[in-house]
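Quick note on the numbering used here: the sequence shown kicks off at 178 and runs consecutively.
Heads up: the structure comes next, in structure tokens.
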Amino acid sequence: MVVDLLEMRFNDEEVKRRIESADTSMKKRLASQYFATRLSEKLNVVLSGTQVSTKYKKLKCEYRQGKSARSDTGNIGREDDSELWVILNSFFVGRPGIAGAVLADAEEEEDYPDNDVVFNSSVGKSKTVTPLTHLADAMKEGMTALAASMSSVEKLATAIQEMKNAQLATQQLQAKQLTLLELLLNKFG
């Protein structure tokens, strides 16, 4: 199941797209539900979105712990002895950010050629900020944040459509579950 889960997570383009584009908690739940539906179909086992999401998080955690143990001790250790470690390493080794690796070189001197420049400005000091000015700036920032967080009609329509699609997928999964249960009942009953 671990191999199937990881293969589907990283190799199935639709699953990958939905998970990586999910930016709200609802979209993440819908993506997890879709992932679980696809994995359930492949394995002929009933899985929920929460189960799949939790299992994936545990696998990432196990990989990070193994990677951390390896870097702390400096030797290969027992991580390579387990079949699970080989599977996890084969899927996660090239993924940026999963193992806590630095994504960009922070010590690059070419990016900051003027290292000796001092950023002191007398322009900002000439103006004293009064509490009223500070309050007005805070209110302006707050109102801007509120306006940005309000959903447009298109976003609501998209969210409703995604909920409908998820509900249909859930109904289809439940129908398949019912069929499987009926087959089991006929077989053993």
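Virtual Cβ for every residue (Gly too), placed ideally from N, Cα, C.
Since we're looking at a predicted model, the values are computed, not measured.
Whole-number beta carbon distance between residue j and residue i, since they are thought to touch under 8 Å
| i | j | result |
| --- | --- | --- |
| leucine 183 | phenylalanine 268 | 4 Å |
| alanine 213 | alanine 199 | About 14 Å separates the two Cβ atoms, so there is no contact after all. |
| valine 192 | methionine 185 | 6 Å |
| alanine 375 | glutamine 228 | Outside the shown range of the chain, which is 178 to 366, sits residue 375, and nothing can be said about it. |
| alanine 336 | methionine 203 | 7 Å |
| leucine 265 | tyrosine 233 | With a Cβ gap of about 11 Å, leucine 265 and tyrosine 233 do not count as contacting. |
| arginine 206 | glycine 226 | 6 Å |
Residue i in three-state terms, based on DSSP
| i | result |
| --- | --- |
| valine 263 | helix |
| serine 225 | coil |
| methionine 203 | helix |
| valine 270 | coil |
| threonine 321 | helix |
| threonine 310 | helix |
| glycine 366 | coil |
| valine 192 | helix |
| aspartate 293 | Residue placement at aspartate 293 cannot be trusted, given a pLDDT of 45 that sits under 50; the coordinates are not used to answer. |
| alanine 352 | helix |
| lysine 302 | With a pLDDT of 47 at lysine 302, under the threshold of 50, the predicted position of this residue should be treated as unreliable, and no value is reported. |
| glutamate 286 | Only weak support is given to the placement of glutamate 286: the predicted model assigns it a pLDDT of 42, under 50, and the question is left unresolved by the model. |
Residue i - containing alpha helix (DSSP H), residue span
| i | result |
| --- | --- |
| valine 180 | 179 to 188 |
On the three-pair Cβ rule with 8 Å, is the stretch 216 to 231 touching the stretch 239 to 250?
-> Contact fails: fewer than three Cβ-Cβ distances are below 8 Å.
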